[in-house]
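S.K.:
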């Protein structure tokens with residue numbers, strides 16, 4: 045990408061070569077450059093590339109696009125830059141000053157326990173490259189003429205938190221000065237990062253809303269602020285403090301016996317004293333007087349904040365505000381129906397989605413903040429249905445493809461420094477390379493992502509062909525993760541080889557679908573993928589279909605077979621009968637993991653059993669989404685935990701909980717919109733409107749927008765006067781009725797129908 049390199053000075057600078065560790069903290073560096081402008085330029089393009097995070101100021105005004113700029117990536121693969129036109133803040137015939145403050149980001153993860161990022165080959169002190177061009181003339185560039193200072197941020201880590209000493213803040217550094225400033229040092233030239241330089245064109249991370257705690261409760265030596273809902277972001281602290289007063293803030297999702305408990309957000313069994321101050325922990329040292337502080341280079345997943353160091357007079361509700369952050373994506377869908385539980389499940393799913401959109405789709409906002417591939421694959425449909433996040437997912441896909449190993453193997457997380465190849469991957473995770481571009485093609489008409497992913501997909505299929513076993517299938521990787529009513533996340537009832545086989549078939553089918561929409565020479569790839577599909581289809585049937593019946597009798601196995609198109613009509617009917625038998629034996633309670641949940645409700649709907657699916661979703665008995673709601677969930681949990689009878693946030697078996705903010709069970713809301721709401725998005729321009737087969741829901745309204753196109757589907761059951769109303773602007777498609785399909789018209793479509801009699 046040499047043409048891009050010419051747009052930015054390729055000389056990266058750092059404050060020093062020393063990077064902070066747990067044992068020795070290093071202040072976030074502040075860089076300063078003073079310069080003159082003879083005239084105010086019509087255009088002043090400032091481009092900044094960064095290894096780590098940055099905040100950018102010109103003449104004291106912050107112009108940073110948002111939180112944690114520019115992006116989160118493996119810097120050996122990709123380095124991102126941002127571009128600003130700063131002409132409006134420059135001053136003619138006077139001194140101007142540019143300031144850059146750097147945070148560690150992924151450049152320097154502290155030595156802790158989140159998959160050994162502290163061992164990454166790109167670990168270093170944060171650095172940046174910058175060029176300012178005024179009306180086409182280069183005005184400044186990053187070099188050793190910049191000044192460096194220690195900022196008031198004494199420690200920062202994306203996961204561990206941030207520490208700030210307000211006594212060290214120096215306002216004069218951000219303004220032009222006619223005399224030397226104390227504490228000045230010279231930067232060092234840093235090694236140019238190896239990754240491709242790319243302009244960051246995705247939605248920035250921005251503040252979305254603020255709110256105060258519902259209650260402030262004395263606890264131990266401090267106070268617990270309960271904000272009433274789980275979310276992701278930071279807090280804004282406002283206090284009338286005394287110089288040197290130290291305030292600590294610890295963030296979590298669980299309070300047990302009146303105390304904040306962080307056990308569920310560490311990878312080990314307990315958050316002991318050794319870890320406590322490096323797990324979602326912020327510190328603030330006051331200057332004198334009223335002051336306000338919000339962290340710069342971290343964020344947390346939390347409902348509760350345990351605060352120490354405030355006096356009883358200071359510990360007021362308005363001392364802390366929750367500042368909700370996430371990628372600035374627009375919601376483009378809505379769903380409401382007559383069942384309040386379904387509405388609440390929809391709401392908490394969207395909250396989990398947004399809590400995990402921070403440039404990349406993460407698994408959870410409090411423990412790992414990692415881009416787990418299966419999580420994104422499982423949620424891609426409902427992400428794109430509910431949010432205009434196509435640019436965000438497409439850019440992350442660029443990094444997913446770059447993460448592929450030379451032999452075709454994929455890692456389980458992206459970005460990664462190399463972790464996730466020996467464990468944490470497998471077809472059910474690796475399918476992200478087809479699922480994300482397929483859904484981008486479906487919802488956004490994005491063929492560029494499909495074309496870009498194609499070499500990665502073909503290389504992956506070659507890799508799979510090399511690792512097939514004696515059954516002609518593959519048995520490596522993770523399976524039906526977090527199956528309900530199991531002790532461990534990887535206690536699967538359905539063999540990994542089984543879920544792998546049907547996942548690979550789905551990958552092949554979606555690749556063929558995308559190939560059908562690509563122009564150019566794709567014949568060879570089509571033939572190769574078709575051969576992979578046929579091979580796995582035949583080997584699946586040879587191993588798992590005997591005498592017209594699926595040999596693996598689990599809910600996941602049967603549901604996947606029903607929805608995958610691998611069975612004859614008679615076999616499909618038998619699989620449906622077997623699935624109903626398993627569900628009825630459990631009083632309609634599901635026993636699936638995240639893979640099975642993606643298929644179960646659709647499998648039931650295919651045979652008109654929508655109400656059985658609904659009972660399994662909203663039923664009050666464990667395990668169900670209804671059980672989550674009944675136990676106070678405001679975001680989706682990582683697993684369906686059975687809690688102690690006394691309501692304490694411990695599993696009934698005595699084990700700790702894990703994350704209470706995971707989106708990968710959220711595929712159910714895609715089913716809500718398609719099946720209960722009756723609005724199936726077939727492509728960027730086409731929809732299929734249906735009416736549901738349900739006695740449990742009496743009305744629903746679903747809306748969806750894509751650019752200038754928008755549609756609302758509303759239905760209501762009124763005995764013999766059931767109605768379906770569709771308000772459509774711009775979409776094409778059909779309305780499916782009992783007597784057949786009719787074209788979808790522009791404007792209002794109102795149809796009388798018998799909802800209770802519909803069979804899809």
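Numbering (the working numbering), first residue to last: 45 to 804.
Glycine included, each C-beta is placed from N, C-alpha and C at the ideal position.
Here the structure is a predicted model, which means the values were calculated and not measured.
1) Does the segment 707–727 come close enough to the segment 378–395 to have 3 or more Cβ pairs within less than 8 Å?
2) Taking the alpha carbon of residue 440 as the point to measure from, which residue in 84, 118, 102, 789 has its own alpha carbon closest?
3) Quick one: grab the DSSP three-state call for residue 161.
4) For residue 45, name the three-state secondary structure that DSSP assigns.
5) Classify residue 50 as buried or exposed, calling it buried when 16 or more other Cβ atoms lie within 10 Å of its own Cβ.
6) Please classify residue 328 as buried or exposed, where buried requires at least 16 other C-beta atoms within 10 Å of its C-beta.
7) For residue 500, which residues of its own chain have a beta-carbon under 7 Å away from its beta-carbon, when the five flanking residues on both sides are left out?
8) Where do the ends of the beta strand (DSSP E) carrying residue 216 lie?
9) Where does residue 259 land, buried or exposed, given buried means 16+ other C-beta within 10 angstroms?
10) Examine the Cβ distances between the segment 86–93 and the segment 199–214 and report whether three or more of them are shorter than 8 Å.
11) Between the beta-carbon of residue 58 and the beta-carbon of residue 234, is there less than 9 Å?
12) Looking only at DSSP bridge pairs, what is residue 145 linked to?
13) Could you give the residue range of the alpha helix (DSSP H) that holds residue 499?
14) Examine the Cβ distances between the segment 124–137 and the segment 72–85 and report whether three or more of them are shorter than 8 Å.
15) If you run the structure through DSSP and keep just helix, strand and coil, what is residue 682?
16) In chain order, what residues of the same chain have a beta carbon less than 6 Å from the beta carbon of residue 112, not counting five sequence neighbours either side?
17) Do you know whose CA, among 308, 717, 527, lies nearest residue 757's CA?
18) Put residue 182 into one of helix, strand or coil per three-state DSSP.
19) Cutting at 8 Å between CB atoms, please list the residues of its own chain near residue 496, excluding the five before and the five after it.
20) If you reduce the DSSP assignment to three classes, tell me which class residue 109 lands in.
21) Could you tell me which uninterrupted alpha helix (DSSP H) segments, each at least 4 residues in length, are contained entirely in the segment 242–326, listed from first to last along the chain?
22) Taking the continuous beta strand (DSSP E) assigned at residue 485, which residues delimit it?
23) Rounded to the nearest angstrom, what separates residue 169 and residue 150 at their Cα positions?
24) Please name the residue in 200, 518, 359, 526 whose C-alpha comes closest to that of residue 261.
25) If I measure Cβ to Cβ from residue 561 and keep anything under 8 Å in the same chain, skipping five residues before and after, which residues do I get?
26) Can you tell me whether DSSP reads residue 802 as helix, strand or coil?
27) So, helix, strand or coil for residue 790, using DSSP?
28) Do residue 367 and residue 310 have their C-beta atoms closer together than 9 Å?
29) Taking Cβ positions, are residue 398 and residue 373 nearer each other than 9 Å?
30) Go through the segment 399–486 residue by residue and report every complete run of the alpha helix (DSSP H) that reaches 4 residues or more, in order.
31) Just to confirm, is the Cβ distance from residue 242 to residue 403 under 9 Å?
32) Residue 552: which of 571, 699, 586, 73 sits nearest, CA to CA?
33) Is residue 363 helix, strand or coil when you go by DSSP?
34) Using beta-carbon positions only, say whether residue 596 and residue 588 come within less than 9 Å of one another.
35) Terminal residues of the continuous beta strand (DSSP E) containing residue 378?
36) Grab me the residues of residue 773's own chain with a C-beta within less than 8 Å of its C-beta, minus the 5 sequence neighbours each way, in chain order.
M.R.: In terms of the structure at hand:
1) yes
2) The residue given as residue 440 occupies position 396 in the chain shown. Cα-wise, what sits closest to residue 440 is 118.
3) Along the chain shown, read from residue 1 onward, the residue named residue 161 stands at position 117. It is helical.
4) Counting from one through the chain shown, the residue named residue 45 turns up at place 1. No answer about residue 45 holds up, because its pLDDT of 33 lies below 50 and its placement is not dependable.
5) Sequence index remark: in the chain shown, residue 50 carries index 6 (1-based). Model confidence at residue 50 stands at a pLDDT of 47, short of 50, so the residue's coordinates are unreliable and nothing is read from them.
6) Here the question's residue 328 lines up with position 284 in the chain shown. Buried.
7) What you label residue 500 is simply residue 456 of the chain shown in a count that begins at 1. Excluding sequence neighbours, residue 500 sits near 445, 448, 477.
8) For the purposes of this step, residue 216 is taken as residue 172 along the chain shown, with counting starting at 1. Unbroken run through residue 216: none, as it is neither H nor E.
9) Within the chain shown, numbered from 1, the residue matching residue 259 stands at position 215. Residue 259 is exposed by the Cβ-count criterion.
10) no
11) The sequence position of residue 58 within the chain shown is 14, counting from 1. The sequence position of residue 234 within the chain shown is 190, counting from 1. Yes, Cβ-Cβ distance for residue 58 and residue 234 is below 9 Å.
12) By 1-based counting over the chain shown, the position of residue 145 is 101. Note: residue 145 sits in a beta bridge opposite 74, 99.
13) As a working mapping, residue 499 is identified with position 455 in the chain shown. Note, residue 499: alpha helix (DSSP H), 491–510.
14) yes
15) Reading the chain shown from its first residue, position 638 is the one you call residue 682. Correct three-state label for residue 682: coil.
16) Counting from 1 along the chain shown, the entry for residue 112 is found at position 68. Hits under 6 Å: 97, 249.
17) Working through the chain shown from its first residue, we reach residue 757 at position 713. Ranking the options by Cα distance to residue 757, first place goes to 717.
18) Sequence index remark: in the chain shown, residue 182 carries index 138 (1-based). It is a strand residue.
19) In the chain shown, the residue the question calls residue 496 occupies position 452. Excluding positions up to five away in sequence, the list reads 441, 442, 445, 481.
20) One-based indexing of the chain shown puts residue 109 at position 65. The answer is coil: DSSP assigns residue 109 none of H, G, I, E or B.
21) 317–320
22) Residue 485 sits at position 441 when you count from the first residue of the chain shown. Careful: residue 485 lies outside any beta strand (DSSP E), inside the alpha helix (DSSP H) at 476–488.
23) If you number the chain shown from 1, residue 169 lands on position 125. If you number the chain shown from 1, residue 150 lands on position 106. Rounded to the nearest angstrom, the two C-alpha atoms are 10 Å apart.
24) What you label residue 261 is simply residue 217 of the chain shown in a count that begins at 1. When each option's Cα is compared against that of residue 261, the closest is 359.
25) Against the chain shown, residue 561 aligns to sequence position 517. Same-chain partners within the cutoff: 485, 491, 494.
26) For this step, residue 802 is matched to residue 758 along the chain shown. Model confidence at residue 802 stands at a pLDDT of 44, short of 50, so the residue's coordinates are unreliable; what they give is reported in the following sentence. Coil, per DSSP.
27) Translated into positions along the chain shown, residue 790 becomes position 746. In this structure, residue 790 counts as coil in the three-state DSSP scheme.
28) The residue given as residue 367 occupies position 323 in the chain shown. The residue given as residue 310 occupies position 266 in the chain shown. Taking 9 Å as the Cβ cut-off, residue 367 and residue 310 do not qualify as a contacting pair.
29) Residue mapping note: residue 398 aligns to position 354 of the chain shown, counting from 1. Residue mapping note: residue 373 aligns to position 329 of the chain shown, counting from 1. Yes, they are a contact pair.
30) 417–430, 434–446, 471–474
31) Position 198 of the chain shown, counting from 1, holds the residue named residue 242. Position 359 of the chain shown, counting from 1, holds the residue named residue 403. Not a contact, by the Cβ cut-off of 9 Å.
32) Within the chain shown, the letter at position 508 stands for residue 552. Checked all of 571, 699, 586, 73; the closest Cα to residue 552 is 571.
33) Walking along the chain shown from the start, residue 363 turns up at place 319. Of the three classes helix, strand and coil, the one that applies to residue 363 here is helix, per DSSP.
34) Translated into positions along the chain shown, residue 596 becomes position 552. Translated into positions along the chain shown, residue 588 becomes position 544. Cβ distance < 9 Å, so residue 596 and residue 588 count as in contact.
35) Here residue 378 corresponds to residue number 334 of the chain shown, with the count starting at 1. Counting along the chain, the beta strand (DSSP E) containing residue 378 begins and ends at 377–381.
36) Along the chain shown, read from residue 1 onward, the residue named residue 773 stands at position 729. Taken in chain order, the residues that qualify are 752, 753, 754, 755, 790, 791.
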